[in-house]
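Colleague: Residues 223 to 451 in this note's numbering are what the sequence shown lists, from first letter to last. My structure is below; once you've seen it, I'll send some questions.
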Amino acid sequence: MPRLYLATPVVDDPQALIASLPGLLAAADVAAVLVRLKMADQRSMISRVKALAGPIQNAGAALLLDGQVLDGHVELVARSGADGAHLTGVAALEDALANLKPDRIAGVGGLATRHDSMTAGELGADYVLFGEPDAKGQRPSMEAIAERLQWWAELFEPPCVGFASSREEACEFAAAGADFVLVGDFVWADPRGAAPALADAEQAIRQGYAAASGQSKEQVKAGRELRWE
223 MPRLYLATPV VDDPQALIAS LPGLLAAADV AAVLVRLKMA DQRSMISRVK
273 ALAGPIQNAG AALLLDGQVL DGHVELVARS GADGAHLTGV AALEDALANL
323 KPDRIAGVGG LATRHDSMTA GELGADYVLF GEPDAKGQRP SMEAIAERLQ
373 WWAELFEPPC VGFASSREEA CEFAAAGADF VLVGDFVWAD PRGAAPALAD
423 AEQAIRQGYA AASGQSKEQV KAGRELRWE
């Protein structure tokens with residue numbers, strides 16, 4: 223069954239997030255957390271990641287850094303204790319691979335075309351992300367993202383991730399064949415709190431997966447879950 227991939231808000235002071243992470247990560251099955259840092263000097267960013275690493279990794283989730291703050295300094299991933307990085311675009315992936323492989327995860331988004339996606343897979347990306355907003359905040363329709371996920375899942379081996387901006391999209395992308403569903407802003411903005419919103423997103427994934435595979439909810443729970451390798 224597809225698993226959750228949680229993106230944090232932009233982190234400046236990590237203390238509030240640290241306090242909420244244990245309960246949040248206990249509310250749902252989260253495979254990985256994408257830490258989005260506020261730009262700062264290297265020492266400050268390393269300190270923030272190290273502070274977040276304990277509660278994230280102790281919960282069994284991988285900690286990935288948003289590569290947009292690395293500014294070419296991919297070595298910060300290892301120095302901070304992160305498990306990997308999420309890069310934007312084929313060029314950024316290619317530049318980072320030597321520093322990340324084989325010990326750390328190298329994921330990539332910002333793949334505007336099918337050719338870019340295939341190139342990323344050939345280079346050795348550990349996953350490809352579809353559906354995130356571009357630099358102007360625009361993104362494809364839910365249907366277009368689902369189509370791209372289905373295309374990838376049917377033809378290629380590396381996992382694919384769907385960027386979901388709502389519970390509905392989480393359900394749709396799980397049904398389309400996503401291995402992971404990335405959630406973020408809509409979870410943190412939920413007036414009930416992030417934990418129930420995250421649990422709802424997980425339930426939406428289960429429903430989408432069950433509908434696509436013709437399984438009942440009980441069969442989904444009993445099935446073998448995909449693990450982040």
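All C-beta atoms, glycine included, are put in the ideal place defined by N, C-alpha and C. None of these values were measured; they are calculated from a predicted model.
Excluding the 5 residues flanking E454 on each side, which residues of the same chain have their C-beta closer than 7 angstroms to its C-beta?
Modeller: Past the edges of the chain, shown from 223 to 451, lies residue 454, and the structure says nothing about it.
Colleague: Use the C-beta contact count for D422: other C-beta atoms within 10 angstroms, 16 or more gives buried, fewer gives exposed.
Modeller: On the sequence shown, position 200 is the one that residue 422 refers to. Its Cβ being crowded by 16 or more others within 10 Å, D422 is buried.
Colleague: Please report the residue range of the alpha helix (DSSP H) in which H337 lies.
Modeller: To locate residue 337, count along the sequence shown from 1; it is residue 115. Residues R336 to L345.
Colleague: To which residues does DSSP link H308 through a beta bridge?
Modeller: To locate residue 308, count along the sequence shown from 1; it is residue 86. According to DSSP, H308 bridges with D288 and G329.
Colleague: Could you check what DSSP says for G303 in three-state terms: helix, strand or coil?
Modeller: Locating residue 303 in the sequence shown gives position 81, where the first residue counts as 1. Correct three-state label for G303: coil.
Colleague: From Q429 to P224, what distance separates their C-alpha atoms?
Modeller: To locate residue 429, count along the sequence shown from 1; it is residue 207. To locate residue 224, count along the sequence shown from 1; it is residue 2. Answer to the nearest angstrom: the Cα atoms are 11 angstroms apart.
Colleague: What distance in whole Å lies between the Cβ atoms of G306 and A284, which are believed to be in contact at a cut-off of 8 angstroms?
Modeller: Numbered from its first residue, the sequence shown carries residue 284 at position 62. Numbered from its first residue, the sequence shown carries residue 306 at position 84. Correct: roughly 7 angstroms between the Cβ atoms.
Colleague: With C-beta atoms as the reference, is G353 less than 8 angstroms away from G332?
Modeller: Numbered from 1 along the sequence shown, position 131 holds the residue referred to as residue 353. Numbered from 1 along the sequence shown, position 110 holds the residue referred to as residue 332. Taking 8 angstroms as the Cβ cut-off, G353 and G332 do not qualify as a contacting pair.
Colleague: Answer with buried or exposed for S363, where buried requires no fewer than 16 other C-beta atoms within 10 angstroms of its C-beta.
Modeller: Within the sequence shown, the letter at position 141 stands for residue 363. With fewer than 16 other Cβ atoms within 10 Å, it is exposed.
Colleague: Report all residues from its chain with a CB closer than 7 angstroms to the CB of E394; omit the five preceding and five following residues, and keep chain order.
Modeller: Within the sequence shown, the letter at position 172 stands for residue 394. Once the five neighbours on either side are set aside, the close Cβ partners of E394 are M364, A368 and G430.
Colleague: Going by the DSSP bridge assignment, what does V350 pair with across the sheet?
Modeller: Within the sequence shown, residue 350 is the residue found at index 128, counting from 1. Partner(s): V330 and C382.
Colleague: If you run the structure through DSSP and keep just helix, strand and coil, what is V296?
Modeller: Locating residue 296 in the sequence shown gives position 74, counting from the first residue. It is coil, neither helix nor strand.
Colleague: Taking its Cβ as the centre, do 16 or more other Cβ atoms sit within 10 Å of A342, making it buried, or is it exposed?
Modeller: On the sequence shown, residue 342 is found 120 positions in, with the first residue counted as 1. With 16 or more other Cβ atoms within 10 Å, it is buried.
Colleague: Quick check: the stretch 266–279 against the stretch 237–256, are there 3 or more CB pairs under 8 angstroms?
Modeller: Segments in contact, yes.
Colleague: Give the secondary structure of P236 by DSSP, where H, G and I count as helix, E and B as strand, and everything else as coil.
Modeller: If you number the sequence shown from 1, residue 236 lands on position 14. Residue state, collapsed to three classes: coil.
Colleague: Within a Cβ cutoff of 7 angstroms, which residues of the same chain sit near D338, ignoring the five residues on either side of it in sequence?
Modeller: One-based indexing of the sequence shown puts residue 338 at position 116. Excluding positions up to five away in sequence, the list reads V312.
Colleague: Just how far apart, CA to CA, sit V233 and L287?
Modeller: Within the sequence shown, numbered from 1, the residue matching residue 233 stands at position 11. Within the sequence shown, numbered from 1, the residue matching residue 287 stands at position 65. Cα to Cα, V233 sits roughly 11 angstroms from L287.
Colleague: Using three-state DSSP, classify W410 as helix, strand or coil.
Modeller: Against the sequence shown, residue 410 aligns to sequence position 188. W410: helix per DSSP, three-state reduction.
Colleague: Determine the direct distance from the alpha carbon of A248 to that of T310, and round the result to whole angstroms.
Modeller: To locate residue 310, count along the sequence shown from 1; it is residue 88. To locate residue 248, count along the sequence shown from 1; it is residue 26. Whole-angstrom Cα-Cα distance: 29 angstroms.
Colleague: Can you tell me whether E390 is buried or exposed? The criterion is at least 16 other CB atoms within 10 Å of its CB, across all chains shown.
Modeller: Stepping through the sequence shown from its first residue, residue 390 is reached at position 168. E390 is exposed by the Cβ-count criterion.
Colleague: Span of the alpha helix (DSSP H) holding R265?
Modeller: Position 43 of the sequence shown holds residue 265. It spans Q264 to N280 - the alpha helix (DSSP H) in which R265 sits, taken as one unbroken run.
Colleague: Can you give the Cα-Cα distance for L315 and D412, rounded to whole angstroms?
Modeller: The residue you call residue 315 lines up with position 93 of the sequence shown. The residue you call residue 412 lines up with position 190 of the sequence shown. In a straight line, the C-alpha of L315 is about 33 angstroms away from that of D412.
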